[in-house]
Each structure stands twice: as C-alpha cells, then as structure tokens.
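**Student:** Before I ask anything, here is the structure I am working with.
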Amino acid sequence: MNFFSKKSIAVFLMLFLTANLVCQTDISRDSNSKTKISKKKKKSKKKVKLPNVDLSHWKVTIPEGKGKGGAISVRPPEILEYANNEVLRPFMYNDSAVGAIVFHAYPTNATTANTKYSRSELREQMEPGNDNVNWTFAQGGILKAKMAMGEVTRADNGKYHKVIIAQIHGRLTNEQKELIGQKDNNAPPILKIYWQNGKIRVKTKVLKFAGVDNKGILFKEAWTDDKGRNFEEEVGFRKFTIEVKVTDGKMVVSLNKNEFFVYDSPSIKRWGVFENYFKVGNYFQTRDEGAFASVKLFDLSVEH
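Each residue of the sequence shown is one higher than the one before, counting from 1489 in this note's numbering.
Structural data, given as structure tokens:
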C-alpha cells in the first residue's frame, strides 16, 4: 500500500469518528432534552387542590389557650387567613394533596366553658363575628358537608376514639337566660353526629318529661340523650357526605344521599323554643393521654 492510500484511509477514519462523536452528542442532548420535558410534564401533573369551604360565616375554636373556658377562637375575617396563622396552623391546615382542611385535636387543658373535651371545630355565625345572631327550626336550615376521618388513635379496648364531626347546638336568648337565671346562653345540642369505629352515629335530645312547661323546658336538666342510631354503611376512612335538613318541628339527617334518619317526635317539635347554630369539625371525645384525631373537610355549605 502506497503513502497516499494510507493517508486517505487515515483521513477517512478521522472523519468517520468525528461524525460518529457528533451524532452521539446530538442523541445525548436530545435524550436529555426529552428527559427534562418529561420531568416538567410530571411536575405539572402535581396540582394543588383546595377545599371548597367558604369560612366567611364561621369561627373556629382550637385546643389552645388558658384552661377551662379559655380555648382560643378565631372569627371572620381573621379565620380567612388560617393557612398563615401561626396559632391555628397546628390545629387547622390545608391538605393540598386531597383538597381538604384538616382539623386536628388532642386533649389539652384549653377547653370551652361547658365541656372537659378539646376541639378543633367550626361554629356557624350567620352574622360574621357575632354569636348573638342565630336561627330557629321555624326558620330552618340545611347543612351539607363532605368529610373523611384522618388519623385517630385507639383506646385500651382496641376501639378507635370517638369524634363528634357535626352538631346543631342550642342557644338561649338573653331573655331566656335571665328568665331561668343562667350565667350564659348555652343550651344543649339537639343533634350530635359521631364518627365511631368507622360508622356514622347520630344522637339527639329528648325530653325527660313530655309535660314540662315553657320555662322548665329551657333548663338543660329537662333534656337527655336518646339511644342513638348508626347508619348501616361503614365509611371507615373514606370520604362521605352528611346532610342535615331542618324545618319547623322536623329534622332529617342523611348519609351519602342513601340512608335517611327522620326526627319529628314531640321533643323535636318543642325544640323550636331554642335558637340554634351548626358546628362542623373535630370535637374529640376522650382525655386519654397521647390520644389524637384529625378530620378532613372537603366541602361545606349552609342554607337558611
């Protein structure tokens, strides 16, 4: 092989290797570019979900504060900034992965005046910031709430701790309070809805003596809890929807628009003497050391 042939082969090999290196670099760049695009697409799929809850007519009470009757409450408009509120954040915060407000509670010394239990719970305010404007059964009301139980501890018997997730609470007018000589406006809750061992349980108040007069009926001692009823469906830790519809002398509670409890007893009919307000969230029913629970609220609406 002569000199020129050897030289031609060497040049050809150099050109071939250079072209191959450029091609591999382009492929690598293209591959990296596709990987980056793929990562961007994956990131864009992670959407932030927000709860469908308007808090402009609700205040929240949390298990933080100073002793019995000293639990902290936050009203509108401050509650609207709950996500940025350092005091509320441990007890009321967003779970943006599922689109819910989480209400967290555990036993503390900070409770409301008429209970030993702690709560992280919303209280309806028909007039924002004012507890003195409420509704009667004659005026009626509808509550709809989509919820789910989050984490919850177990008692020594192995059963989950109970949580009240929604209520209709009674309230005395100022005139009624003065009539019976009571120090505050608190009246019994006509409705308590529990999450209990994966089922939804409903309890209401009934009169101890049907013939009690119009003054006697205002005393807490005139009322007691009924035996309670469980809906058949076991919701466990899945989402469920509670609806409560109140009209004059009647109350209907439903689960997932599938099961219905109707209350229209003489006790319910006489409940019209009280004012009322809705409550939703986590009213934790134990003082066991180390116990805690969280309740997720996805949707909430009220009509009057």
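Beta carbons are placed, not taken as given, at the ideal position from N, Cα and C, and that holds for glycine.
Rounded to the nearest angstrom, how far is the Cβ of Pro1564 from that of Gln1613, given a contact under 8 Å?
**Tutor:** Right, the Cβ-Cβ distance comes to about 7 Å (below 8 Å), so this counts as a contact.
**Student:** Going by CA-CA distance only, name the one from Tyr1605, Pro1539, His1592 and Lys1604 that's closest to Ala1585.
**Tutor:** Looking at the Cα atoms, Pro1539 is the closest of the given residues.
**Student:** Curious, which full-length beta strand (DSSP E) runs of at least 3 residues does the stretch 1652-1736 contain?
**Tutor:** 1674-1684, 1687-1695, 1711-1713, 1717-1722 and 1728-1735, all fully within the stretch 1652-1736.
**Student:** Are the Cβ atoms of Met1635 and Ile1653 separated by less than 8 Å?
**Tutor:** Yes, the pair counts as a contact, with Cβ atoms nearer than the cut-off.
**Student:** Please name the residue in Val1536, Leu1706, Gln1670 and Lys1738 whose C-alpha comes closest to that of Gln1627.
**Tutor:** Cα-wise, what sits closest to Gln1627 is Lys1738.
**Student:** So, for Asp1776: in the same chain, excluding its five sequence neighbours on each side, which residues have a beta-carbon less than 6 Å away from its beta-carbon?
**Tutor:** Cβ neighbours of Asp1776 beyond the five flanking positions: none.
**Student:** Give me the Cα-Cα distance between Phe1772 and Glu1666, rounded to the nearest whole angstrom.
**Tutor:** Approximately 31 Å between the Cα atoms of the pair.
**Student:** May I have the straight-line CA-CA distance separating Lys1757 from Asp1736, to the nearest angstrom?
**Tutor:** Taking the straight line from one Cα to the other gives about 7 Å.
**Student:** On the DSSP letters alone, give me the boundaries of the beta strand (DSSP E) that Ser1561 sits inside.
**Tutor:** Note, Ser1561: beta strand (DSSP E), Ala1559 to Val1562.
**Student:** Using CA coordinates, which residue listed in Glu1731, Val1723 and Phe1697 is at the minimum distance from Lys1708?
**Tutor:** Ranking the options by Cα distance to Lys1708, first place goes to Phe1697.
**Student:** Inspect the CB distances between the stretch 1603-1621 and the stretch 1724-1732 and report whether three or more fall short of 8 Å.
**Tutor:** No, the stretch 1603-1621 does not touch the stretch 1724-1732.
**Student:** Which runs of the beta strand (DSSP E) spanning at least 3 residues fall entirely within the stretch 1543-1585, listed in chain order?
**Tutor:** Qualifying beta strand (DSSP E) stretches, in chain order: 1546-1553, 1559-1562 and 1580-1583.
**Student:** Suppose the cutoff is 8 Å on Cβ atoms and the five residues either side in sequence are ignored; what does the same chain contact list for Val1694 look like?
**Tutor:** If we look at Val1694 and ignore the five residues flanking it on each side, its Cβ neighbours are Trp1711, Thr1712, Asp1713, Asp1714, Ser1753 and Ser1755.
**Student:** Would you kindly check if the distance between the Cβ of Arg1659 and the Cβ of Ala1675 is under 8 Å?
**Tutor:** Yes. Within cutoff.
**Student:** Can you give me the C-alpha to C-alpha distance between Asn1702 and Val1575, rounded to a whole angstrom?
**Tutor:** Rounded to whole angstroms, Asn1702 to Val1575 spans 43 Å at the Cα level.
**Student:** By Cβ distance, which residues of its chain are closer than 6 Å to Phe1719, with the 5 residues on each side in sequence left out?
**Tutor:** So the list reads Ile1688, Leu1743 and Glu1747, once near-sequence residues are dropped.
**Student:** Quick one: residues in its chain with C-beta nearer than 6 Å to the C-beta of Val1734, no 5 flanking neighbours on either side, listed in chain order?
**Tutor:** Taken in chain order, the residues that qualify are Phe1625, Gly1628 and Gly1629.
**Student:** So what's Arg1775 in DSSP terms, helix, strand or just coil?
**Tutor:** DSSP places Arg1775 in coil when its eight states are reduced to three.
**Student:** What is the residue span of the beta strand (DSSP E) that Arg1607 lies within?
**Tutor:** From DSSP, the beta strand (DSSP E) with Arg1607 extends over Arg1607 to Glu1612.
**Student:** Helix, strand or coil for Gly1638 per DSSP?
**Tutor:** Gly1638: strand per DSSP, three-state reduction.
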